[in-house]
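Here the structure comes first, spelled out in structure tokens, and everything after it is commentary.
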Amino acid sequence: MATFERSPSALDYLNRPNLLEVVLERSKALKNAKAISFLFYIARLNESEFSIQNSILIYERILKVITVTNKGIDTSSGILLFYSGIILHVIEAPEILLFEIINGITSENLIKNSKVVLYSSNVPFRLFPQFSCQFLNLPFLDFDETKAQEPIEKQISEALAMIATLSKEISKVPRKLLKLFFEELSSKHSDLILPITLIDNLLKSNELFSLVAFQEKQHSSDIIVSESELVWPITALYFPAI
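Under the numbering used here, the sequence shown has 137 at position 137, and the numbering climbs by one with no breaks.
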């Protein structure tokens, strides 16, 4: 019986992955798509003249950016608190979605003098069960002046500790009562709110990145992140000014 040899083909010289490699790559891509990133930043509202009306307008525009971006299964969670002319924003979301949100906020020119307090990717869990926002009625919350003289690392740790405490208290609240909890945040839970003087100190710091500088650094090839740096909280991961 005659046998025939197949002529060489260009396909023979291609480095074709086996099925296991394909499955592993797809699994890795899916895992990365669902991994949660954490961003905590503060900023001043970009208003030429401070007024409640102007603040509410900016507030609504920021909420619109977040709402429009949150389309799909992997939505963001976190908190957005409005002080007098200042916002505190924590975002927990897949990295792509997180950057879509901050790109929308910065491109709309809604804030100024922003500072990134902490960012980490691939966090193991969310601190907040959903996205919640509140317009605070406290124009001033006292902060120990002796702490204001402490190194920026300690002030950041103080801010992170208060965010963690707020998260812990929120976890005790039934989901159907969360809206009421935030509405009463100023009157009944003011001890859980970061003092505006602490936020003001952090906004004046030259050791923290602005959101724009942070975005530029994240998209540059200068940052090399090791595996050990991918778990929150990373108290050593502070972004110096450029």
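C-beta: ideal position from N, C-alpha, C; glycine also.
Here the structure is a predicted model, which means the values were calculated and not measured.
| Item | Value |
| --- | --- |
| Coarse secondary structure for Asp222, derived from DSSP in three states | At Asp222 the pLDDT is 49, less than 50, meaning the model places this residue with poor confidence; the figure from the coordinates comes in the next sentence. Correct three-state label for Asp222: coil. |
| Collapsed DSSP secondary structure at Phe125 in the structure displayed | coil |
| Residues that DSSP places opposite Ser132 in a beta bridge | Ile79 |
| Identity of the residue in Tyr83, Gly78, Ser76 nearest Ser190 by Cα | Tyr83 |
| Cβ-Cβ distance between Ser132 and Phe99 below 7 Å | no |
| Whether Ile42 touches Lys115 by CB criterion (7 Å) | yes |
| Ser186 vs Asn109 beta-carbon contact at 7 Å | no |
| Endpoints, the beta strand (DSSP E) within which Ala159 is located | Note, Ala159: premise wrong, no beta strand (DSSP E); alpha helix (DSSP H) at 152-171. |
| For Ser186, the three-state DSSP class (helix, strand or coil) | helix |
| Cutoff 6 Å; reference Ser205; Cβ partners in own chain excluding five residues on either side | Ile152 |
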